[in-house]
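Novice: Be aware that the sequence shown starts at 1284, since it is given in my numbering, and climbs by one per residue.
The beta-carbon is built from N, C-alpha and C at its ideal position, and this holds for glycine as well.
Structure provided below as structure tokens; questions to follow.
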Amino acid sequence: MKDKKANKKQVQEMKEHLAEGKEWLINPKRIGNLARTCCHSCEPNLSSLTNDYGAKYIEEHLKNDCFCERASCKSSLSYKMMDETNEKSLEMYQTLRYHYRCNVFYGKNPISGFFIFA
């Protein structure tokens, strides 16, 4: 009975923690950690839960050969092409945003390029 009350308290604390938008890790390493059962269901709807261990893990342990076959896989050619494209797009966006802000600062209408007279 005491364990049920303790578990309910832990569940409530986790809900409050999540509601505050704080980061939360599931760590089943310790025996008795409530996180290992927090998403229990007698009718599970998840076939596989995966985690990205990061680029360093792929380099060191997988020798840059990840076999997940996802479009966003960091070792795929498509990811490298998208990454380069995104970098160029970001640079262009930042340049346009800079010029937009300059136009606004100097009193120009950023849309038409004409000065705004009050």
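Pick helix, strand or coil for C1391, following the three-state DSSP scheme.
Specialist: For the record, residue 1391 in the displayed sequence is Lys; it is not Cys. Of the three classes helix, strand and coil, the one that applies to K1391 here is strand, per DSSP.
Novice: If I'm right that M1341 touches N1347 with Cβ under 8 Å, what's the distance once you round it to whole angstroms?
Specialist: According to the sequence shown, residue 1341 is Ile rather than Met. Yes, they are in contact, since the Cβ atoms of I1341 and N1347 sit about 6 Å apart, within 8 Å.
Novice: If you drop the 5 nearest sequence neighbours on each side, which residues of the same chain put their C-beta closer than 8 Å to that of K1292?
Specialist: none
Novice: Are there 16 or more other CB atoms within 10 angstroms of the CB of F1400, so buried, or fewer, so exposed?
Specialist: Note that F1400 scores 47 on pLDDT, short of 50, meaning its location in the model is unreliable; the coordinates nonetheless yield the value given after this. A residue is called buried when at least 16 other Cβ atoms come within 10 angstroms of its Cβ; F1400 does not meet this threshold and is exposed.
Novice: Assuming the contact rule is C-beta atoms closer than 8 Å, S1355 and Y1362 should be a hit. Round their C-beta distance to whole Å, please.
Specialist: 6 Å
Novice: Is the beta carbon of K1339 sitting closer than 8 Å to the one on C1349?
Specialist: The beta carbons of K1339 and C1349 sit no closer together than 8 Å.
Novice: Taking the straight line between their C-alpha atoms, what separation do you get for V1387 and R1380?
Specialist: Going by C-alpha positions, V1387 is about 11 Å away from R1380.
Novice: Tell me where the alpha helix (DSSP H) around K1339 begins and ends.
Specialist: Counting along the chain, the alpha helix (DSSP H) containing K1339 begins and ends at A1338 to H1344.
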